[in-house]
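Chains as they are written, first to last, in the working numbering: chain P, 161 to 298; chain Y, 161 to 298.
Note that beta-carbon positions come from the ideal geometry of N, C-alpha and C, so glycine has one too.
Source: prediction; values computed, not measured.
Okay, so here's the structure we're looking at.
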């Protein structure tokens with residue numbers, strides 16, 4: 161499996177939670193670990209989600225976009241050969257609300273993607289980055 | 161301060177601990193956060209340390225290098241302008257032991273740096289990466 165996936169949940173303000181609150185890094189038993197922590201490469205994806213997520217949280221407030229909450233799912237595809245790196249990454253933004261202003265939310269996402277998110281800029285240097293936005297009734 | 165620093169400690173086998181065991185991401189009060197979690201960009205550095213650290217842990221075992229423990233310190237310098245990314249990164253490996261085989265440890269580090277560490281390969285696409293090795297009597 162050369163696709164890693166990270167799910168990041170917004171906790172309000174600038175807080176984000178990432179897969180159960182652990183930061184210890186560990187590997188699978190297959191690679192000599194005990195599976196008691198995050199894979200370091202997945203942390204790159206969490207970093208990307210957190211960086212753009214903080215932009216979104218900030219811009220939603222500034223631009224008075226009405227949302228109940230949002231989540232970000234990031235998927236990265238690794239190369240087959242060592243050193244294995246993410247050659248393709250998909251960032252999926254999921255906005256939840258009863259009356260979402262889709263145009264405003266799209267503007268917010270692309271302000272982060274194109275202008276503010278430094279981690280996204282780093283990813284663009286080694287990966288093809290695809291952005292998707294989902295608007296969900298809540 | 162455009163220099164971020166991450167300290168990663170080897171826990172034995174493939175386990176690593178990173179600054180107090182938290183994974184929650186948060187920002188400084190200055191940026192609307194409560195300082196209750198990791199900065200997403202610092203997580204990139206933790207990812208780099210964990211990735212190369214797991215290589216080292218594995219190779220130390222395979223190549224029977226005698227060490228008591230090791231730590232990795234990673235520093236990254238951010239650009240001034242948005243999107244802010246790490247343009248220069250320093251990875252410092254610190255090996256502790258009573259009778260360290262420096263040549264063997266150097267070989268181990270560069271097997272990770274040049275051949276195995278995918279996160280290092282990603283960093284090289286956007287940053288100048290500098291590697292230092294310290295041998296410390298313990």
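- Between residue 269 (chain P) and residue 216 (chain P), the C-beta spacing is below 8 angstroms.
- By alpha-carbon distance to residue 279 (chain Y), the top candidate from P:238, P:251, P:189 and P:280 is P:238.
- At least one CB of chain P lies nearer than 8 angstroms to the CB of residue 187 (chain Y).
- The Cβ of residue 246 (chain P) sits closer than 8 angstroms to at least one Cβ of chain Y.
- Taking 3 residues as the minimum length, the beta strand (DSSP E) runs contained wholly in the segment 208-242 of chain P are 229-238, in order along the chain.
- Listed in chain order, the positions of the segment 263-293 of chain Y with a beta carbon within less than 7 angstroms of a beta carbon of chain P are 275, 276, 277, 278, 279, 280, 281, 282, 285 and 286.
- The C-beta of residue 224 (chain P) comes no closer than 8 angstroms to any C-beta of chain Y.
- Residue Y:291 holds the alpha-carbon nearest to the alpha-carbon of residue 274 (chain Y) among Y:259, Y:262, Y:258 and Y:291.
- Straight-line measurement puts the Cα of residue 260 (chain Y) at about 27 angstroms from the Cα of residue 194 (chain P).
- Each residue's CA atom was taken as its position, placing residue 201 (chain P) and residue 214 (chain Y) some 11 angstroms apart.
- In this structure, DSSP gives residue 296 (chain Y) an extended state, which the three-state scheme calls strand.
- Here residue 255 (chain Y) carries a strand assignment [DSSP, helix/strand/coil].
- Secondary structure of residue 267 (chain P) (DSSP, three-state): helix.
- Per DSSP, residue 199 (chain P) lies in no alpha helix (DSSP H) segment and is marked neither H nor E.
- Among the CB atoms of chain Y, none fall inside 8 angstroms of the CB of residue 297 (chain P).
- Closest by C-alpha distance to residue 296 (chain P), out of P:248, P:289, P:286 and P:231, is P:231.
- Using a Cβ-Cβ cut-off of 8 angstroms, residue 207 (chain P) counts as an interface residue toward chain Y, since at least one Cβ of chain Y sits closer than that to its own.
- Neighbours of residue 258 (chain Y) in chain P, taken as residues whose beta carbon is under 7 angstroms from its own, are absent, since the nearest beta carbon is some 25 angstroms off.
- For residue 236 (chain Y), no chain P residue has a Cβ inside 8 angstroms of its Cβ, as the nearest lies near 10 angstroms away.
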